[in-house]
Amino acid sequence: MAETDRLSGRIAWIDVSFVERRRTPEWAIKVGIRCHLAGMSLRDASQYLETLGVD
Numbered sequence: 204m205a206e207t208d209r210l211s212g213r214i215a216w217i218d219v220s221f222v223e224r225r226r227t228p229e230w231a232i233k234v235g236i237r238c239h240l241a242g243m244s245l246r247d248a249s250q251y252l253e254t255l256g257v258d
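Residue numbers for the sequence shown, in my numbering: 204 to 258.
Right, here's the structure in full:
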């Protein structure tokens, strides 16, 4: 299974209500969590989010 296949699935159960600051968009937090669950390192996940325009 390609890595992009694992990341493209819809995950509805990710609850980010514990996040108090809203500096990072909620969608980016969910993508970051999904990357981590897929086994990506923090560095790779960070680089992936940068390609999506997240600072």
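Every residue, glycine too, gets a C-beta built ideally from N, C-alpha and C.
No experiment lies behind these values; they were computed from the predicted model shown.
A residue is called buried when at least 16 other Cβ atoms come within 10 angstroms of its Cβ; residue 242 does not meet this threshold and is exposed.
Residue burial is scored here from C-beta neighbours: residue 246 has fewer than 16 other C-beta atoms within 10 angstroms and is therefore classed as exposed. The distance from the Cβ of residue 248 to that of residue 239 is about 6 Å, consistent with a contact at the 8 Å cut-off.
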